[in-house]
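Listed in order, the protein sequences are those of chains D and Z.
Letter by letter, the first sequence follows residues 1 to 321 in the working numbering.
Letter by letter, the second sequence follows residues 322 to 646 in the working numbering.
The C-beta atom is built at its ideal place from N, Cα and C for all residues, glycine as well.
Each remark here refers to the structure printed beneath this line.
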Amino acid sequence: MQILEVKGLKTHFETRNGTVKAVDGVDISIDSGDTLGIVGESGCGKTVLALSIMRLIADPPGRIVSGQINFKGTDLLSLDEDEMRRLRGNDISMIFQEPMNSLNPVLKVGDQISEVIQLHEGLSKKDGLDRASEMLRLVGMASAQNRLNDYPHQMSGGMRQRVMIAMALACNPELMLADEPTTALDVTIQAQIIDLINKLKEEVGTSVMLITHDLGIVAEMARHAAVMYTGKVVEYCSVLDLFSTPLHPYTRGLMESTPKQASGKNGYLSTIPGTVPNLYELPSGCSFRNRCPDVMDICTQKEPPLKEKSPGHYVRCWKYE
Amino acid sequence: MNPVLLNIEGLKKYFPSRSGLLSGRQNAMVKAVDGVALQIFKGETLGLVGESGCGKTTLGRLITRLEEPTGGKIFFNGNDIFKYSRKGLKDFRRKVQLIFQDPSSSLNPRMSAGAIVGEPLTIHTMSRGKENRDRVADLMETVGLNKEQMGRYPHEFSGGQKQRIGIARALALNPELVIADEPVSALDVSIQAQILNLLRDLQKDFDLTYLFISHDLSVVEHISDRIAVMYLGKIVELADKESLYKSPLHPYTKALLSAIPVPDPTYRKERIILGGNIPSPINPPSGCPFHPRCRYSMDICYKVIPALDDRGNGHYVACHLKTGF
């Protein structure tokens, strides 16, 4: 069963220099209990996609121009702000990238976690705090009860990220949006957090949309993946297909430029030439064509559609027409 | 073996940690670098890895003499760098250059790219006017920018281009040793690969020696000849990259390597999850600093700090476990 289905989503920002099409026609879906990885480099629109699903786009300058976000059959874009508030943190929750900037520095972490629970489940403050300490234990915090009275600055980065996860899971959400949940952390702490999210997913049964720039993390955590470039999904398939037969030249370029064991025997990595184009002035046709090794005439004229190349494997490229 | 370019002996750097708003009472020392001995050979790339707070940046700053050590010595081409005369120090500063992590905050936003790259030339070689401009134009092209961009300001460049400006500035004085402190951490994967390739080209063309500081083990493996692993101010393992990655001898190195996410969904490996966090360098554990997180810890580990031993073929490790895992 699909828990989330995003159809033709467009989120645009009006700026002095023109319209930025941060998310420009995205179709993705997540099955119940599944993990979908959203992969891309900075500026590809992956965070704006998550914020659009949470309906947290500041308007102005941003605006969801068109599309549908169906969560368990309801289009989130048709809900009013009150209904959306009841959903956020309760049915859908989000883990943000920078745990220091997303916790309130003047509130104790216990109060921050219990606030979510009190708000959504109508529990008393005391019961809320009890649940908060239970959540902290669940995410592997040592001496959870005492930690309730800590302020965020008294904790390390890994502990703060655990608090974020505890908060996100406090009301047993059905969908969790994790935006680069381990990027700010050290490798050994990252391993702890990946392990924790994988374990909790099995125990709680939450579906996850995982946003990351790290292909290694996608390989280890996700079952399906969508690769994004300049606001569009360019490849969408199972993680096994993505790594065994990557189709889009951008996906292949990303994989080849990632340093890995035994990569670049002669000491050089293969690269994608150039940089991600400015979103104000995207090239005509396919937005990847200026950096593409396989560019053809048609790429400059018409934008390729997202097409199913083999069952369940979608790619946006003229090579496969 | 190439000659030794930089020799570090028993290097220590302790920072006072003060408490109290007004009294500023000094009550403890942060042992950022605590007894490091290391040699860097001419022409090699030495990778220095470790997690945040392990002292790797402080070590880099000590080598460039941006910090004075609490104890120990550093010799550059045989000369003690803390005993240079004024002129000697200026000369040393030409030969040792830094590339910083965040290209946005390490370039002056009010200076044009040409002025940024040209400033070290003005300071050290007194070159001005056309001579200076020609050299800057050369440098810009060396790092893959074009000379028409000299008049632009940092905000007009992308992250990868800004890092290229930082590299051009470091190259301006023909340095012998370049300390690159997390030079690609702030960059996207596709740009990171371009910069890593550029660093390798420059090393060949200008006979550079690199100390490459990073927390990213895949990047370090890619670029380095030898790798030193740091934990709580100490070097716990040092080896050439093949033996370090194939047969790590320190339990911390082994855990670090197992923690790298592998971009291959069919690959299943044993992952060692280290419990807890890195202990505070103010009050490091007794004995081996890693023992509270080590699954092999023995009685001796609580009491005695293990020495960095040679286990053959230049593979050094500081661990009481002599027989392997």
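From the options, residue whose alpha carbon lies closest to that of residue i
| i | options | result |
| --- | --- | --- |
| residue 531 of chain Z | Z/466, Z/368 and Z/508 | Z/368 |
| residue 363 of chain Z | Z/624, Z/328, Z/401 and Z/324 | Z/324 |
| residue 231 of chain D | D/2, D/148 and D/38 | D/38 |
| residue 412 of chain Z | Z/430, Z/604, Z/425 and Z/397 | Z/397 |
| residue 105 of chain D | D/45, D/152, D/72 and D/99 | D/152 |
| residue 142 of chain D | D/159, D/215, D/154 and D/198 | D/159 |
| residue 290 of chain D | D/249, D/310 and D/183 | D/249 |
| residue 616 of chain Z | Z/488, Z/575 and Z/435 | Z/575 |
| residue 382 of chain Z | Z/600, Z/503 and Z/579 | Z/503 |
| residue 329 of chain D | D/145, D/280 and D/35 | Absent from the model: residue 329 of chain D. The displayed extent of chain D is 1 to 321, so no value can be given. |
| residue 458 of chain Z | Z/433, Z/444 and Z/477 | Z/433 |
| residue 32 of chain D | D/297, D/311, D/175 and D/301 | D/175 |
| residue 162 of chain D | D/3, D/110 and D/312 | D/110 |
| residue 58 of chain D | D/13, D/268 and D/275 | D/13 |
| residue 429 of chain Z | Z/527, Z/484 and Z/592 | Z/484 |
| residue 629 of chain Z | Z/353, Z/581, Z/351 and Z/357 | Z/357 |
Partners in chain D for residue i, counting only beta-carbon separations shorter than 7 Å
| i | result |
| --- | --- |
| residue 518 of chain Z | 268, 269 and 271 |
| residue 515 of chain Z | 271 |
| residue 479 of chain Z | 275 |
| residue 576 of chain Z | 188 |
| residue 506 of chain Z | Chain D residues near residue 506 of chain Z: none, gap ~10 Å exceeds 7 Å. |
Beta-carbon neighbours of residue i, restricted to chain D and to distances below 8 Å
| i | result |
| --- | --- |
| residue 467 of chain Z | The premise fails here: residue 467 of chain Z is roughly 14 Å from chain D at the closest Cβ pair, so nothing lies under 8 Å. |
| residue 521 of chain Z | 267 and 268 |
| residue 538 of chain Z | 187 |
| residue 580 of chain Z | 187, 188, 190 and 191 |
CB of residue i within 9 Å of CB of residue j, strictly
| i | j | result |
| --- | --- | --- |
| residue 361 of chain Z | residue 400 of chain Z | no |
| residue 70 of chain D | residue 6 of chain D | yes |
| residue 534 of chain Z | residue 560 of chain Z | no |
| residue 254 of chain D | residue 208 of chain D | no |
| residue 359 of chain Z | residue 639 of chain Z | no |
| residue 613 of chain Z | residue 602 of chain Z | no |
| residue 466 of chain Z | residue 486 of chain Z | yes |
| residue 132 of chain D | residue 166 of chain D | yes |
| residue 226 of chain D | residue 583 of chain Z | no |
| residue 332 of chain Z | residue 395 of chain Z | yes |
| residue 370 of chain Z | residue 537 of chain Z | yes |
| residue 581 of chain Z | residue 216 of chain D | yes |
Cα-Cα separation, residue i to residue j
| i | j | result |
| --- | --- | --- |
| residue 195 of chain D | residue 130 of chain D | 25 Å |
| residue 408 of chain Z | residue 402 of chain Z | 12 Å |
| residue 393 of chain Z | residue 386 of chain Z | 13 Å |
| residue 315 of chain D | residue 417 of chain Z | 48 Å |
| residue 172 of chain D | residue 91 of chain D | 7 Å |
| residue 257 of chain D | residue 52 of chain D | 30 Å |
| residue 479 of chain Z | residue 642 of chain Z | 48 Å |
| residue 49 of chain D | residue 631 of chain Z | 52 Å |
| residue 519 of chain Z | residue 508 of chain Z | 14 Å |
| residue 191 of chain D | residue 268 of chain D | 28 Å |
| residue 4 of chain D | residue 87 of chain D | 14 Å |
| residue 463 of chain Z | residue 446 of chain Z | 20 Å |
| residue 302 of chain D | residue 148 of chain D | 56 Å |
| residue 243 of chain D | residue 224 of chain D | 11 Å |
| residue 213 of chain D | residue 510 of chain Z | 8 Å |
| residue 11 of chain D | residue 56 of chain D | 11 Å |
| residue 146 of chain D | residue 99 of chain D | 20 Å |
| residue 95 of chain D | residue 252 of chain D | 29 Å |
| residue 420 of chain Z | residue 384 of chain Z | 13 Å |
Contact list for residue i against chain Z, beta-carbon separation under 9 Å
| i | result |
| --- | --- |
| residue 138 of chain D | None at all; the shortest Cβ gap to chain Z is about 16 Å. |
| residue 35 of chain D | In chain order: nothing, as chain Z lies at least about 12 Å away. |
| residue 239 of chain D | 586 |
Exposed unless 16 or more other CB atoms sit within 10 angstroms - verdict on residue i
| i | result |
| --- | --- |
| residue 273 of chain D | exposed |
| residue 525 of chain Z | exposed |
| residue 42 of chain D | exposed |
| residue 23 of chain D | buried |
| residue 334 of chain Z | buried |
| residue 395 of chain D | Because chain D spans 1 through 321 in this model, residue 395 of chain D falls outside it and cannot be assessed. |
| residue 309 of chain D | buried |
| residue 404 of chain Z | exposed |
| residue 355 of chain Z | buried |
| residue 625 of chain Z | exposed |
Contact set between residue i and chain Z, taken where Cβ atoms lie within less than 8 Å
| i | result |
| --- | --- |
| residue 255 of chain D | 584 |
| residue 23 of chain D | In chain order: nothing, as chain Z lies at least about 18 Å away. |
Partner residues on chain D for residue i, Cβ-Cβ distance less than 9 Å
| i | result |
| --- | --- |
| residue 591 of chain Z | Result: empty, since nearest Cβ-Cβ is about 12 Å, beyond 9 Å. |
Partner residues on chain Z for residue i, Cβ-Cβ distance less than 7 Å
| i | result |
| --- | --- |
| residue 214 of chain D | 582 |
| residue 260 of chain D | 539 and 584 |
| residue 42 of chain D | 509 |
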